[in-house]
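Just so you know, the protein sequences line up as chains R and Z, in that order. Mind the numbering: the first sequence is residues 659 to 969 in our numbering, read in order. Mind the numbering: the second sequence is residues 19 to 288 in our numbering, read in order. Just so you know, even glycine gets a beta-carbon here, dropped at the ideal spot from N, CA and C. Have a look at the structure below, then the notes.
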Amino acid sequence: MSELKSVRQAFGRGLTLAAEKQPSIVALVPDLTNSIGFGEFAEKFPERFIQTGIAEQNIVCVASGLAHVGKTPFMGAYAAFSPGRNWEQIRTTICINDQPVKIIGSHAGLTVGPDGETHQALEDIALMRVLPNMSVFAPADAVEAEQMALVLARYNHPAYVRYPRADMPLVFDNLYKFEIGKSYRIRDGRDVVIFTTGTMLAAVLEAAELLKLKKIDAAVVHFPTIKPLDEKSIVKYARKFSRVITVEEHQIAGGFGSAVAEVLSADQPTIQLRIGVNDQFGQSAAPDELLDFYGLTAPKIAKKIKTWYNV
Amino acid sequence: MTTISQIEKHALNIRRNLLKMIHIAGSGHPAGALGAADIMAALYLEIMNYNPKKPHDENRDILALSNGHIVPAQYAALAEIGAIAVSELWTLRQLGSRLQGHPVRTLLPFMEITSGPLGSGLSEAAGMALGIKMNGARRFVYVIVGDGELDEGNIWEGAMFTNKYALSNLIVFVMRNNIQLDGDTEDIMPLEPLSDKWRSFGWDVSEIDGHNIKSIIEAAERARAIDNQPSVIIAHTIPGKGVSFMEGDYRWHGKTPDAQELKKALEELK
Ligand SMILES: Cc1ncc(C[n+]2csc(CCOP(=O)(O)OP(=O)(O)O)c2C)c(N)n1
Ligand SMILES: [Mg+2]
Numbered sequence: 659m660s661e662l663k664s665v666r667q668a669f670g671r672g673l674t675l676a677a678e679k680q681p682s683i684v685a686l687v688p689d690l691t692n693s694i695g696f697g698e699f700a701e702k703f704p705e706r707f708i709q710t711g712i713a714e715q716n717i718v719c720v721a722s723g724l725a726h727v728g729k730t731p732f733m734g735a736y737a738a739f740s741p742g743r744n745w746e747q748i749r750t751t752i753c754i755n756d757q758p759v760k761i762i763g764s765h766a767g768l769t770v771g772p773d774g775e776t777h778q779a780l781e782d783i784a785l786m787r788v789l790p791n792m793s794v795f796a797p798a799d800a801v802e803a804e805q806m807a808l809v810l811a812r813y814n815h816p817a818y819v820r821y822p823r824a825d826m827p828l829v830f831d832n833l834y835k836f837e838i839g840k841s842y843r844i845r846d847g848r849d850v851v852i853f854t855t856g857t858m859l860a861a862v863l864e865a866a867e868l869l870k871l872k873k874i875d876a877a878v879v880h881f882p883t884i885k886p887l888d889e890k891s892i893v894k895y896a897r898k899f900s901r902v903i904t905v906e907e908h909q910i911a912g913g914f915g916s917a918v919a920e921v922l923s924a925d926q927p928t929i930q931l932r933i934g935v936n937d938q939f940g941q942s943a944a945p946d947e948l949l950d951f952y953g954l955t956a957p958k959i960a961k962k963i964k965t966w967y968n969v
Numbered sequence: 019m020t021t022i023s024q025i026e027k028h029a030l031n032i033r034r035n036l037l038k039m040i041h042i043a044g045s046g047h048p049a050g051a052l053g054a055a056d057i058m059a060a061l062y063l064e065i066m067n068y069n070p071k072k073p074h075d076e077n078r079d080i081l082a083l084s085n086g087h088i089v090p091a092q093y094a095a096l097a098e099i100g101a102i103a104v105s106e107l108w109t110l111r112q113l114g115s116r117l118q119g120h121p122v123r124t125l126l127p128f129m130e131i132t133s134g135p136l137g138s139g140l141s142e143a144a145g146m147a148l149g150i151k152m153n154g155a156r157r158f159v160y161v162i163v164g165d166g167e168l169d170e171g172n173i174w175e176g177a178m179f180t181n182k183y184a185l186s187n188l189i190v191f192v193m194r195n196n197i198q199l200d201g202d203t204e205d206i207m208p209l210e211p212l213s214d215k216w217r218s219f220g221w222d223v224s225e226i227d228g229h230n231i232k233s234i235i236e237a238a239e240r241a242r243a244i245d246n247q248p249s250v251i252i253a254h255t256i257p258g259k260g261v262s263f264m265e266g267d268y269r270w271h272g273k274t275p276d277a278q279e280l281k282k283a284l285e286e287l288k
């Protein structure tokens, strides 16, 4: 496996780089500065760093107000609590208001690990993608996360970014260019196509290798933007492959796979296997143990796809 | 400079118009809105640095209405200063109208926040006041909150935050009318001792008769002069103020006057 790197630190790096060029950028954190990767920004720009204490409802409203007077706020917290606890304030003061606040949900997914199910956000994509004016993003690795911060700094509408506590294997090199709304074909294949988002990309690529040994040649397409979804590509691949798989570290209900299914059912009805967490909460354990238990490691993903493919 | 008696006249117009608006719309919240008419008039006609011809002026003062359900009072005040036509008032709550049942910033340039869901306006205004302070500008952010609205935890998160950053450019008016949707505030969820609560959160507190224009203006002047802490003005107001059969009765929180009631009310508001 390739080198592991912190996605949180990388996003924070991108935020700091963006802030060097863009004086309007401010960052807000509810008592989680280093934990979510905002430490570098806080150190470099103390006068543009806002510590709100543990108050997730307050912090998004404050961010909205800052945007109203010309600031570009990046507000970060744990995804379980933001948007988990402050969804209505996000809806009213940021989305209906169409303020350019970037909401960062760190510690998303099962890989939070030992802190357990209370802290493992598996519903945040669903919560955010139903909101008009909101865009939703999930980087796969450190390279993509850093670029995402730089691009979103110039994006003039609400945005939600989810990323994990755990370090992720590097998939992209420095030639990679993140663009809003674009999907990326990472692997070619002839038999099926796997759509994935965020943290699952590396495992899905490994699963594709395992499938190859079983004579299933899978293409892999990565969607760092969950909303607005690259619908054209989804339809194009569905026409080509006639069978589609989605993989995400999130509830199957309402997440990325659901978003893909919404597109397909309207424009290109296609049989789809949705892989994710199936209407369950997580639990305490090591991240790897959890991914295995919930069927999100490369071997488990490959096995599920093979069984489904052969039916 | 507008005289007190002129402001009182505008307040009367606000009361008359907001009742007509709610009657035509067939729904709305008259009691709190009638109670806030004097403060609305004083803010727009005297207290705030505000030019309706330049609603996005970078030096303007800001009014953030947190208890969005009383927005007919704000729309009517905007008509008094010529920001919107009186005829537009009658579109309240109708399909395609800029005058939504609760304020929506993106639809009407004079709205500074989107509100209605109670409890978030103070925090939002605090973000504005902080941003203004970071920019080194001298502008004031006025916030109106309901007393029932103070049940919301979000308000007290905002109160702590505003104190931490010593946002002396933020001034809150609490509409202390002692009613909320289900009844009297002290029955639903006791707020007293309310001044002590704010004081213990680090705020400068004053209490006024919220129907006395002179007191309203003086309290705002006093609050603006404080430069090291935020200010809250607890404005004792009468829900339904000016209409005898509505005054003090929580049941008019969200009840629409019918044609008969409107006629009677307008006879009293002269
Ligand atoms: C978050 C939220 N919960 C509930 C409501 C419904 N609601 C609207 S006004 C109101 C009572 C508010 O009391 P107060 O602020 O004192 O207003 P007044 O009755 O004096 O006008 C309630 C419960 C709401 N708008 N927002
Ligand atoms: Mg009240």
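Beta-bridge partners of residue i, as assigned by DSSP
i              : result
S793 (chain R) : R:A817
A876 (chain R) : R:V850
I970 (chain R) : No answer is possible for residue 970 (chain R): the residues shown for chain R start at 659 and end at 969.
Y842 (chain R) : R:H880
A766 (chain R) : R:A779
M826 (chain R) : R:K663
S249 (chain Z) : Z:I189, Z:D222
F836 (chain R) : In DSSP, F836 (chain R) forms no bridge with anything.
H254 (chain Z) : Z:R194, Z:D227
Q118 (chain Z) : DSSP lists no partner for Q118 (chain Z).
K760 (chain R) : R:F732, R:A817
K885 (chain R) : R:V794
Nearest candidate by alpha-carbon position, reference residue i, set the options
i              : options                        : result
L859 (chain R) : R:P882, R:E837, R:D875         : R:P882
L110 (chain Z) : Z:G100, Z:I99, Z:V122          : Z:V122
K282 (chain Z) : Z:S262, Z:I22, Z:A243          : Z:S262
R971 (chain R) : R:K729, R:I963, R:E781         : Since the first and last residues shown for chain R are 659 and 969, residue 971 (chain R) lies out of range.
S693 (chain R) : R:G763, R:P681, R:R812         : R:G763
W108 (chain Z) : Z:T20, Z:K38, Z:I162           : Z:K38
L280 (chain Z) : Z:N35, Z:K27, Z:H28            : Z:N35
H254 (chain Z) : Z:S213, Z:V159, Z:V89          : Z:S213
D205 (chain Z) : Z:P275, Z:Y268, Z:K182, Z:H229 : Z:Y268
P816 (chain R) : R:Q757, R:V687, R:E746, R:P772 : R:Q757
P208 (chain Z) : Z:A101, Z:L168, Z:I173, Z:L136 : Z:L168
G119 (chain Z) : Z:H87, Z:S141, Z:A144          : Z:H87
D875 (chain R) : R:G915, R:E701, R:V862, R:L887 : R:V862
I173 (chain Z) : Z:G139, Z:G201, Z:I32, Z:R157  : Z:G139
L662 (chain R) : R:E701, R:D831, R:D799, R:L869 : R:D799
W745 (chain R) : R:S891, R:G953, R:R787         : R:R787
D937 (chain R) : R:P927, R:A944, R:Y952         : R:Y952
A668 (chain R) : R:G695, R:P886, R:S682         : R:G695
G742 (chain R) : R:E781, R:L686, R:A700, R:I959 : R:E781
K288 (chain Z) : Z:N31, Z:I25, Z:D165, Z:P90    : Z:N31
I131 (chain Z) : R:Q747, R:L871, R:P772         : R:Q747
P127 (chain Z) : Z:S141, Z:A143, Z:Y93          : Z:Y93
R157 (chain Z) : Z:E142, Z:L185, Z:L113         : Z:L185
I929 (chain R) : R:V893, R:P945, R:A956         : R:V893
K232 (chain Z) : Z:N181, Z:A60, Z:H41           : Z:A60
V727 (chain R) : R:N968, R:I683, R:K702, R:I761 : R:I683
Listed by chain order, chain C residues near residue i by CB distance under 7 Å
i              : result
E746 (chain R) : Considering every chain present, this structure includes no chain C. Its protein chains are R and Z.
### Query
What are the residues of the segment 130-155 of chain Z that lie near chain R, defined by any Cβ-Cβ distance shorter than 9 Å?
The segment 130-155 of chain Z vs chain R, Cβ under 9 Å: E130, I131, T132, S133, G134, P135, G137, S138, G139, L140, S141, E142, A143, A144, G145, M146, A147, L148, G149, I150, M152, N153, A155.
Output, in sequence order along the chain, the residues in the segment 811-828 of chain R whose CB is closer than 9 Å to any CB in chain Z. So the list is empty, because no residue satisfies the distance condition.
* **Contiguous beta strand (DSSP E) assignments of at least 3 residues, all confined to the segment 724-753 of chain R** => Residue ranges of uninterrupted beta strand (DSSP E) with 3 or more members, entirely inside the segment 724-753 of chain R and ordered along the chain, are 730-736.
Worksheet item: Which residues, taken in chain order from the segment 672-692 of chain R, show a beta carbon closer than 8 Å to some beta carbon of chain Z?
Response: So the close ones are V684.
| Against chain R: residues of the segment 102-122 of chain Z by CB proximity under 7 Å | Listed in sequence order: V122.
Going residue by residue through the segment 19-95 of chain Z, where are the continuous beta strand (DSSP E) segments of at least 3 residues, counting only ones entirely within it? Fully enclosed beta strand (DSSP E) runs of 3 or longer: 80-83.
Practice prompt. Please name the residues in the segment 751-781 of chain R whose beta-carbon is closer than 8 Å to at least one beta-carbon of chain Z, in chain order.
Written response: If the cut-off is 8 Å between Cβ atoms, the segment 751-781 of chain R has T751, I754, N755, D756 near chain Z.
Quiz item: Listed from N- to C-terminal order along the chain, which residues in the segment 699-712 of chain R have their beta-carbon within a distance smaller than 8 Å of any beta-carbon of chain Z?
Solution: Under the 8 Å Cβ criterion, the segment 699-712 of chain R contributes E705, R706, I708, T710, G711.
Okay, do the segment 669-677 of chain R and the segment 834-845 of chain R touch, 3+ Cβ pairs below 8 Å being the bar? Pairwise C-beta distances place the segment 669-677 of chain R out of contact with the segment 834-845 of chain R, as fewer than three of them are shorter than 8 Å.
*Examine the Cβ distances between the segment 717-736 of chain R and the segment 143-151 of chain Z and report whether three or more of them are shorter than 8 Å.*
Result yes; three or more Cβ-Cβ pairs closer than 8 Å.
Worksheet entry | Three CB pairs or more closer than 8 Å across the segment 185-200 of chain Z and the segment 231-249 of chain Z | As far as the Cβ criterion goes, the segment 185-200 of chain Z touches the segment 231-249 of chain Z, which means the pair count is three or higher.
Extract the residue ranges of the beta strand (DSSP E) inside the segment 138-178 of chain Z, only unbroken runs of 3 or more that lie entirely within it. With a minimum length of 3 residues, the continuous beta strand (DSSP E) runs that stay inside the segment 138-178 of chain Z are 159-164.
Near-chain Z residues of the segment 716-742 of chain R (beta-carbon distance less than 9 Å), N- to C-terminal order = Cβ contacts with chain Z come from N716, I717, V718, C719, V720, A721, S722, G723, L724, A725, H726, V727, G728, K729, P731.
Under 8 Å: do the segment 775-792 of chain R and the segment 748-757 of chain R share three or more Cβ pairs, one atom per stretch?
Flag = yes, the segment 775-792 of chain R and the segment 748-757 of chain R touch.
contact_flag[the segment 844-853 of chain R, the segment 812-827 of chain R] where n(CB pairs < 8 Å) is 3 or more:
No: fewer than three Cβ pairs fall under 8 Å.
Near-chain R residues of the segment 175-191 of chain Z (beta-carbon distance less than 9 Å), N- to C-terminal order: Listed in sequence order: E175, G176, M178, F179, K182, Y183.
Using 8 Å as the cut-off, can you tell me whether the segment 155-167 of chain Z makes contact with the segment 76-83 of chain Z, which would need three or more C-beta pairs spanning the two stretches below that distance?
At 8 Å Cβ cutoff, the stretches touch.
Worksheet item: Listed from N- to C-terminal order along the chain, which residues in the segment 926-937 of chain R have their beta-carbon within a distance smaller than 8 Å of any beta-carbon of chain Z?
Response: So nothing in the stretch comes that close.
Could you please tell me which residues of the segment 240-274 of chain Z, in chain order, have their CB closer than 8 Å to any CB of chain R?
Under the 8 Å Cβ criterion, the segment 240-274 of chain Z contributes no residue.
inquiry  = By the 9 Å beta-carbon criterion, what residues does the segment 44-77 of chain Z contribute toward chain R?
reply    = Under the 9 Å Cβ criterion, the segment 44-77 of chain Z contributes E76.
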